[in-house]
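Beneath this line is the structure, given in structure tokens, with notes to follow.
Numbering (mature numbering (1 follows the signal peptide of the UniProt record, and there is no 0)), first residue to last: -23 to -1, 1 to 183.
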């Protein structure tokens, strides 16, 4: 296989891994809401916009929260909006949508475009500001992709270490719980035998 083809394939795979673009169309009905979440590493970049596409649009509300419940974006009674943020803590970032002043039978369709990673960056502005284009710009994107992949690998390794530590602690506690339960059962059995023996001796059956 041609080496240039291999290099192109590797670059495309890395770019796809490092960025994520999600376009979602969903329906909101009545007083219900719909939420979407994304697991992000620290310094993960998110750019999203949403708009109502129904023929008879109703106003909607939106709220974006961090893994620990901090509000990152809030809008009420709108037909469109956008938000962008950089993750300051690792975990699930959640965006929820619902119909403002909903009544029974109210229904609305919403489009949500959610971008993360290098695709969330404004590369046109970066290219103009740093006066780069063509191959240099693609190399810059590739560098960002590699950095994102490296960061994600470190994040996954850190999560794996935390999960392994939790599993070890859980296993240790379960082992002690089992040993303690066994001793309690033996103690109860011994007390029952002693009580029965004493009872029969008092009744002069032994």
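Here a beta-carbon is modelled for each residue, glycine too, at the ideal position from N, C-alpha and C.
In this text the structure is predicted, and so the values were computed from the model without any measurement.
- For the pair of segments examined, the stretch 67 to 74 was found not to touch the stretch 108 to 120: the number of CB pairs separated by less than 8 Å stays below three.
- By the criterion of a C-beta distance shorter than 6 Å, residue 51 is surrounded in its chain by 40, once the five residues flanking it on both sides are discounted.
- When DSSP states are grouped into helix, strand and coil, residue 58 belongs to the strand group.
- Look at residue 142 here: in three-state DSSP terms it is helix.
- DSSP, reduced to helix, strand and coil, places residue 166 within a helical segment of the structure shown.
- Under a 10 Å Cβ-count criterion, residue 37 is classified as buried, with 16 or more other Cβ atoms of the shown protein chains found around its own Cβ.
- Assigned with DSSP and collapsed to three states, residue 152 falls in helix.
- Here residue 45 carries a coil assignment [DSSP, helix/strand/coil].
- Assigned with DSSP and collapsed to three states, residue -1 falls in strand.
- Taken through DSSP and simplified to helix, strand or coil, residue 77 comes out as coil.
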